[in-house]
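Chemist:
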Amino acid sequence: MKLIRVTNNEHAVVAEIRVSGLVMWRYEYVVDDYSFSRKGDDSEKRRFALGLPEELNGDASAWIFNLINIGNKETKFSTEIRWMQGEKKIASWSGKGSVKAGKIATKSGEAMFVVRKGVRP
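What the sequence shown shows, in the working numbering, is residues 3 to 123, in sequence order.
Encoded structure:
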């Protein structure tokens, strides 16, 4: 499990998620009582506001990527999540690999948010 330290300030924590290299993909992201999922066929970055630091303190987060190759040859892929607070990147996770033709690969991970005590803007 990854530990993500956030600063106790007015900036919300945002997850930027990107998948590239495959024709089709689907992911689900869960942070305690909130979840979202997306599917697509492009590598456009997507941003999701997760909440303010004090709301996320001690929250667990999990994600799973299903990477689908409907082509006729093996294809490489990459997945990335960047956690941002304001304009500052506070953590990141990435997964790379390849998927054989007509198969599905899965990448997943977990993290916990912790507020840094006594840190102010």
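Glycine included, every Cβ here is placed at the ideal spot set by N, Cα and C.
Please read all numbers here as calculations on a predicted model, not as lab measurements.
Could you pull the start and end residues of the alpha helix (DSSP H) that residue 76 belongs to?
Modeler: Taken as a continuous stretch (DSSP letters only), residue 76 belongs to no alpha helix (DSSP H), as it is neither H nor E.
Chemist: Thinking C-beta only, is residue 78 closer than 8 angstroms to residue 100?
Modeler: Yes; because the gap between Cβ atoms is below 8 angstroms, this pair is in contact.
Chemist: With respect to the beta strand (DSSP E) encompassing residue 112, which residues constitute its N-terminal and C-terminal limits?
Modeler: Here the beta strand (DSSP E) through residue 112 covers 106 to 118.
Chemist: Would you report the Cα separation of residue 61 and residue 89, rounded to the nearest angstrom?
Modeler: Those two C-alpha atoms are separated by around 22 angstroms.
Chemist: Rounding to the nearest angstrom, what Cα-Cα distance links residue 8 and residue 94 in this structure?
Modeler: Whole-angstrom Cα-Cα distance: 13 angstroms.
Chemist: Alpha carbon to alpha carbon, how far is residue 102 from residue 49?
Modeler: C-alpha separation (whole angstroms): 29 angstroms.
Chemist: Which ranges would you report for the alpha helix (DSSP H) in the region 26 to 108 if only whole runs of at least 4 residues count?
Modeler: As far as the region 26 to 108 is concerned, its whole alpha helix (DSSP H) runs of at least 4 residues are 55 to 58.
Chemist: Thinking residue 19 and residue 113 are a contact (beta carbons under 8 angstroms), I'd like their distance in whole angstroms, please.
Modeler: Not confirmed; about 13 angstroms, so no contact.
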